[in-house]
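Structure first, then comments.
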Amino acid sequence: MTVFVTIISGVATFVLGQIVLKLLIEPVHEFRRTVADIALALIEYANIYANPGVAGEEVEKLASVNLRKLSSRLHAQMYLIPCYSFTSKVFRLPSGDKVREVASNLIGLSNGLSKSSSDLISANVQRANKIHHLLGIPPS
């Protein structure tokens, strides 16, 4: 009988560990990977958003699409993490409001990459700085 109980408790521990891993740990890890990808994109595209209209239409379109994808991915991953408001405190993730604001600023940044009659440089730099601040990424 003790062998049976030992086997059942071992299987139950394994199953519970897999549930926690798949439902909590992996989504948090992917969320953090997306934050790292955003940090990389802000550095990689700094010359484009600081000089809108100079890099060329093809490069600007590629950067714009990538920023929009990062915005969408960040926003979606927040909803994949169960009980985000609690989990974000446990894992020291940005609050839901900050994530939504970052996603909005990434979209705004992606919209400001092409040549325009208005002064987009200062607005783009402000958006990038705000994203750095909200996600806790040190400024580059």
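Take the sequence shown: its letter number 43 is residue 47 in this note's numbering, and every next letter is one higher. No residue lacks a Cβ here, since even glycine has one placed at the ideal position from N, Cα and C.
query = Taking the Cβ atom as the reference point for each residue, do Ser-75 and Leu-44 lie within a distance shorter than 8 Å?
reply = no
query = Helix, strand or coil: which one does DSSP assign to Phe-8?
reply = helix
task = Using three-state DSSP, classify Leu-97 as helix, strand or coil.
result = Note: Leu-97 maps to coil in three-state DSSP.
ask   = Do the CB positions of Pro-56 and Lys-102 come within less than 8 Å of each other?
value = no
key: Closest by C-alpha distance to Thr-38, when choosing among Thr-17, Asn-133, Ile-29 and His-79   = Per the Cα distances, His-79.
ask   = How big is the Cα-Cα spacing for Pro-31 and Lys-93?
value = 15 Å
key: Three-state class that DSSP yields for Ala-16 in the structure shown   = helix
task = Below 8 Å on the Cβ atoms is my guess for Ser-89 versus Gly-100; work out the distance and round it to an integer in Å.
result = About 6 Å; that satisfies the 8 Å criterion.
ask   = Mind checking Gln-81: buried by the 16 CB within 10 Å criterion, or exposed?
value = Gln-81 is buried by the Cβ-count criterion.
ask   = How about Thr-91 and Leu-138: do their beta carbons lie closer than 8 Å?
value = no
query = Using the beta-carbon count (16 or more within 10 Å), is Ser-13 buried or exposed?
reply = exposed
query = Hey, how far is the Cα of Ile-135 from the Cα of Ala-59?
reply = 22 Å
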